[in-house]
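What follows is a set of notes on a single structure, which appears directly below.
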Amino acid sequence: MSADAVIRMPNETSGVMLRGHPMVFLVTGEDTRHTSMFDWIIPSGFATGFHVHRVQEETFFMLEGECEWWIGERVVRAVPGTFLFIPPGVKHNITNISDAPARVLMTVSPPGHENYFEELAKLAANGTPDPAELVSLRSRYDTDQLSTLTTSS
Numbered sequence: 002m003s004a005d006a007v008i009r010m011p012n013e014t015s016g017v018m019l020r021g022h023p024m025v026f027l028v029t030g031e032d033t034r035h036t037s038m039f040d041w042i043i044p045s046g047f048a049t050g051f052h053v054h055r056v057q058e059e060t061f062f063m064l065e066g067e068c069e070w071w072i073g074e075r076v077v078r079a080v081p082g083t084f085l086f087i088p089p090g091v092k093h094n095i096t097n098i099s100d101a102p103a104r105v106l107m108t109v110s111p112p113g114h115e116n117y118f119e120e121l122a123k124l125a126a127n128g129t130p131d132p133a134e135l136v137s138l139r140s141r142y143d144t145d146q147l148s149t150l151t152t153s154s
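To convert, take the position in the sequence shown, counting from 1, and add 1; that gives our numbering.
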């Protein structure tokens, strides 16, 4: 972990490509003990599938586009400026319901979820990953998958 401030300029990014769109790692477990932050471009029609985290807290701030979040039994149509906080144990699903990519700032506490995204990018590099491999990956990173990763509404 770094003891220095983290400053990321637009041309100094790191991260992964997911479904042809970048997920930029803004701050990770290498930088802090408390949270990771990502600038995530969500492809049109992409859905995470219902899942729940046992320990992790997540926040999302919509920058561009339109997504539908299912949080517990509540449905939220998120547009730019929408903020969501999802505590551990709350079932949720994120779907980009628009015809264009959406963009969100996402935090995950505690940090380390960047490792999940790195492994996911490797699994998905040659197309849709095997569902059993996804379940195993997500389980290792504090995620209980409750429905398929590729559902859309």
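A virtual CB, placed ideally from N, CA and C, is assigned to each residue, including glycine.
Since the structure is predicted, the reported quantities are computational estimates derived from the model, not experimental observations.
Between the segment 79-88 and the segment 121-132, do three or more beta carbon pairs fall short of 8 Å? no
Sort out for me which residues DSSP pairs ASN94 with in a bridge. TRP71
Delimiting residues of the alpha helix (DSSP H) encompassing PHE84: From DSSP, PHE84 is part of no alpha helix (DSSP H) but of the beta strand (DSSP E) over 84-87.
Assuming contact is defined by CB atoms lying nearer than 8 Å, are PHE51 and LEU85 in contact in what I supplied? No. Outside cutoff.
Can you give me the C-alpha to C-alpha distance between THR144 and THR49, rounded to a whole angstrom? Answer to the nearest angstrom: the Cα atoms are 11 Å apart.
Given GLY90, which residues of its chain have a CB within under 8 Å of its CB, disregarding the five upstream and five downstream residues? Cβ neighbours of GLY90 beyond the five flanking positions: VAL53, HIS54 and ARG55.
Can you tell me whether THR36 is buried or exposed, with buried defined as 16 or more other CB within 10 angstroms of its CB? buried
Within 10 Å of its beta-carbon, does ASP32 have 16 or more other beta-carbons around it, so buried, or fewer, so exposed? buried
Could you compute how far the alpha carbon of TYR117 sits from the alpha carbon of TYR142? 6 Å
Just to check my reading of the structure: GLU156 and THR108 have Cβ atoms closer than 8 Å, yes? What is that Cβ distance to the nearest angstrom? Because the chain in this structure spans residues 2 to 154, residue 156 falls outside the shown range and cannot be described.
Per-residue DSSP class, three states only, for LEU106: Secondary structure of LEU106 (DSSP, three-state): strand.
Using three-state DSSP, classify VAL56 as helix, strand or coil. DSSP places VAL56 in the coil class of the three-state scheme, outside both helix and strand.
How big is the Cα-Cα spacing for ILE43 and VAL7? 25 Å
What does VAL77 pair with, by DSSP beta-bridge criteria? TRP70
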